[in-house]
Structures are given as structure tokens and as C-alpha cells.
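Engineer: The sequence shown lines up with residues 1 to 350 when you count with UniProt numbering. Just so it is clear, CB atoms sit at the ideal spot from N, CA and C, and this is done for glycine as well. Nothing here was measured: the structure is a model prediction, and the numbers come from that model. I have a structure I would like to understand better, so I am pasting it below and will then ask my questions one at a time.
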Amino acid sequence: MTTLAIVGATGAVGTVMIDIINARETVPWSEIRLIASPRSAGKRLTVRGREIEVVALAPEAFDGIDIAMFDVPDEISAEWAPVAVSRGAIAVDNSGAFRMDPEVPLVVPEVNAEAAHTRPKGIVANPNCTTLSMMAALGALHRAFGLRELVVASYQAASGAGQDGIDRLRAELAAVAGKDVGNRRGDVAEALAAAGLSEDTPFGAPLALNVVPFAGSPKADGWTSEELKVRNESRKILDLPELKVSATCVRVPVITTHSLAVHATFAGPVDVATAHQVFAAQPSIVLVDEPEAKRFPTPADVVGEDPTYVGRVRQALDFPDTLDFFVCGDNLRKGAALNTYEIAEELVRS
Ligand code: 2RA
């Protein structure tokens, strides 16, 4: 039997990790240890019917642990994942600290599970939730058709910006709810100010009654960190270092579930019927594609769900060998906690 630790157990993603473990019929763990900042140490959480006391992050917290799942800020992972490894654990890390390290595999189990088994640093990285939300679909299509080019626009939920993002969106929605507020910037700003909300937001602009074409942090030449992650992580996961990728990341007033509009070009002819078969054969995808009956995925359909939902699959009219489609994935589940846990399951199976 194997021992598991959750580092960041009391955070938003750590809580979902515990929910996922509680919902599994069986688990392979002889012990589950909960680790968090000293501030949260001593809290008691119920895991599979047993109350477990949260212990403070410290080198000895990893003693006897085989697999340690991390969901903590980049700088905490950068410092502590190597400590966990030095104490004998494999670290599965959901921060950005190691994703592009050539000695750290970046794993989506239904796409590149085998990569998890070559890990010179003892660390396996979990992708960013925006990349992850489309990866089951892209991996399946790549296996069938050979991906060559990728253009995506994201529609990212506020919870991608953490609890602060959720709190801010809820406060903004409350500030405009039931009022005759137009969606001109000045109108929304006035309603937010009247509700006592500061102009300092995690989104860079009001999100209520709006969409914001900016997620992450500013990078060179006008790109954002989030857009570069989509490009770099897609290339690494699919093992396509030259893949042409262009992404525009947009925040939308949705609490949970990231969506992406994907325009993917392949090595040869593609058609919708075959793409439907490919999606239907992938257990982690739910295909909802009957637009004439108004059946298509929306974020609201996917909150709390494990699979990625795919719909609006079309053969591009003016671009050969190209499909357009829409995907929705719960950014806190497959986008974070679930994929991290599936990597841990993959490691224990080996
Ligand atoms: C976001 N993808 O949505 C990021 C979170 N890791 O902001």
C-alpha cells in the first residue's frame, strides 16, 4: 500500500481533491496525510469517514509519504516539492514552478500517461487549467489526425483567479443585480463604487456585465502569461515542440468552468462524423453536439463534472483539414484537482 499527502489541503483545490478522494469507490492509499500552512495546522477534515488533523508544512511532514500532491503558490512549490522528494516522495505539482522544466514531465493521463514514469527530479507537473480544459479533446484528435496548428480563444471563469476572483465576481454581481445598470464602463463602475468596491480588481476591469481580454500577467510583445502557457504547455504535453499555437485568453463572468473555442488544423483531411467518433470513444469526454436542438456544452452544464464537454464541432469552411469546436471543463476539477489526483493514481498503478 502507498501513502499520499495533500499539500495545500485546506485551499480551494485541496478541498476538491478531498471531495474526489471521498467520492472514489476505492483508493489505494494506506494513509492520507493533510499538510497546509502553519496557519491552517490543527484543523480537522473528514477524509473517507475519518477525521484527519492538518499538519504544518515542514520537512518531517513528508516522512513516510510516497506521493505528495501540491496545490500551493509557485514559490511554495519551488521550495517544498524538492524537500518532499528529498524525503522519499514523488511530488505531483499543480503550480507553474516546474511545468516547463525539461526534467519534469507535464502530464495529462489520457494523453501522455507514460511521461509520468520518466521523472529525473522526482517531480511530475500538472498543466495550467486553461490548457487542461481542452487537452483530452486535442489529445484524442491528435492521435487520430495529427495536429499541426492550433488557434484558441478562452472564456475563463473567475475561480481561475482563486478565492479572490470568486469573491470579487460575486460582489460585482451583487452590486449590479436587480438594478437598471447599463453595461457602459462608466455605468458599471458607478454601480461598483456605490457598493463600496474598490477599483483594484483581480481582473483589471469590471467583470460583471463584461468580458475582459486579459488573464494572467503581462509578458513581452503584448502576450499574457496565460496565453504563453497555452502555447508552451500544449507543445510539451503533445510532444509537438514546433506546434504552431496562437491563443487569446479572456475572462468571463462565470464562477467555475473554463471554455475554449478551438480552431485546430491537422495533417490531412478531417470530417465531423469521424471527429464525433473520436470524441465518443474517449471516456473522459462527453459529446453534446446537436445544435439544431440547441444542445451544446455551456459552462453551467459542466460545473462539478469530471469529463470535458465538447460540442459545436464543424469542419472549417475556408481552412482545409481544420475543425472548429467548443470545449468546457471544470477548471477546479479536471483543470486542477482531478488531473493531479489522476496522475497520483497513474503513479501508484506502475
Ligand atoms: C486562470 N488558468 O484561470 C488560471 C489559473 N491557473 O487564471
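(1) Is the beta carbon of glutamine 156 within less than 6 Å of some heavy atom of the ligand 2RA?
(2) May I ask you to report which of helix, strand or coil DSSP gives aspartate 167?
(3) Does the beta-carbon of methionine 17 have 16 or more other beta-carbons within 10 angstroms, so that it is buried, or is it exposed?
(4) Going by Cα to Cα distance, which pick from Lys334, Arg314 and Glu345 is closest to alanine 261?
(5) What is the rounded straight-line gap between the Cα of arginine 231 and the Cα of asparagine 210?
(6) Is leucine 317 buried or exposed, if buried means 16 or more other CB atoms sit within 10 Å of its CB?
(7) Judging by CA-CA distance, which residue of Thr2, Ala41, Arg24 and Leu4 is the nearest neighbour of glycine 11?
(8) Run through the segment 75-112 for me and flag every whole beta strand (DSSP E) of 3 or more residues, listed as ranges in chain order.
(9) Quick one, which of Trp223, Ala5 and Gly196 has its alpha-carbon nearest aspartate 63's?
(10) Buried or exposed: which applies to alanine 61, given that a residue is buried once 16 or more other Cβ atoms fall within 10 Å of its Cβ?
(11) Quick one: which unbroken beta strand (DSSP E) runs of 3-plus residues sit fully inside the segment 211-256? Chain order, please.
(12) By how many angstroms is the C-alpha of alanine 158 removed from the C-alpha of proline 218?
(13) Check whether the Cβ atoms of lysine 43 and valine 54 lie closer than 7 Å to each other.
(14) Taking only runs that begin and end inside the segment 7-41, name each unbroken beta strand (DSSP E) of 3 or more residues, in chain order.
(15) May I ask which residues mark the beginning and end of the beta strand (DSSP E) holding phenylalanine 325?
(16) Measuring only the C-alpha atoms, how far is leucine 141 from alanine 275?
(17) By the 10 Å Cβ neighbour count, where 16 or more other Cβ atoms means buried, how is serine 350 classified, buried or exposed?
(18) DSSP state of serine 133, grouped into three classes?
(19) Can you tell me whether cysteine 129 sits near the ligand MN, meaning its C-beta is under 6 Å from at least one heavy atom of the ligand?
(20) Measuring CA to CA, which of Val181, Leu169 and Leu147 is closest to threonine 201?
(21) Using the Cβ count rule (16 or more neighbours within 10 Å means buried), how would you classify proline 297?
(22) Just to confirm the assignment, what range does the beta strand (DSSP E) spanning histidine 263 have?
(23) Might you give, ordered along the chain, the residues of its own chain that have their beta carbon closer than 6 Å to the beta carbon of alanine 36, omitting 5 neighbours on each side?
(24) Does the separation of the CB atoms of isoleucine 32 and leucine 347 fall below 7 Å?
(25) What does a CB cutoff of less than 7 Å around aspartate 330 pick up in its chain, not counting 5 residues either side in sequence?
(26) Look at leucine 106 and proline 73 and say whether their C-beta atoms are less than 7 Å apart.
Structural biologist: In this structure, then:
(1) Yes; taking the cut-off as 6 Å, the Cβ of glutamine 156 has a heavy atom of the ligand 2RA nearer than that.
(2) Three-state DSSP puts aspartate 167 in a helix.
(3) The Cβ neighbour count for methionine 17, taken over all protein chains shown within 10 Å, is at least 16; the residue is labelled buried.
(4) The option with the nearest alpha carbon to alanine 261 is Arg314.
(5) Arginine 231 and asparagine 210 have their C-alpha atoms spaced approximately 26 Å apart.
(6) With fewer than 16 neighbouring CB atoms inside 10 Å of its own CB, leucine 317 falls in the exposed class.
(7) For the set Thr2, Ala41, Arg24 and Leu4, the Cα lying nearest the Cα of glycine 11 is the one of Ala41.
(8) The qualifying runs are 90-93.
(9) When C-alpha distances from aspartate 63 are compared across Trp223, Ala5 and Gly196, the shortest belongs to Ala5.
(10) The residue in question, alanine 61, is buried, as its Cβ has 16 or more Cβ neighbours within 10 Å.
(11) DSSP runs (the beta strand (DSSP E)) wholly in the segment 211-256: 244-251.
(12) The alpha-carbon atoms of proline 218 and alanine 158 are separated by roughly 18 Å.
(13) Less than 7 Å divides the Cβ of lysine 43 from the Cβ of valine 54.
(14) Taken in chain order, the whole beta strand (DSSP E) runs of length 3 or more contained in the segment 7-41 are 29-36.
(15) Its beta strand (DSSP E) spans residues 322-329.
(16) CA-to-CA, the gap between leucine 141 and alanine 275 works out to about 7 Å.
(17) Exposed, since its Cβ has fewer than 16 Cβ neighbours within 10 Å.
(18) Residue state, collapsed to three classes: helix.
(19) For the ligand MN, the structure offers nothing, since it holds only the ligand 2RA.
(20) Ranking the options by Cα distance to threonine 201, first place goes to Leu169.
(21) With 16 or more other Cβ atoms within 10 Å, it is buried.
(22) Start and end: 258-266.
(23) Once the five neighbours on either side are set aside, the close Cβ partners of alanine 36 are Ala9, Thr10 and Val54.
(24) Using a Cβ distance threshold of 7 Å, isoleucine 32 and leucine 347 do not count as a contacting pair.
(25) Once the five neighbours on either side are set aside, the close Cβ partners of aspartate 330 are Thr256, Thr257, Val302, Val303, Gly304 and Glu305.
(26) Not closer than 7 Å, so no.
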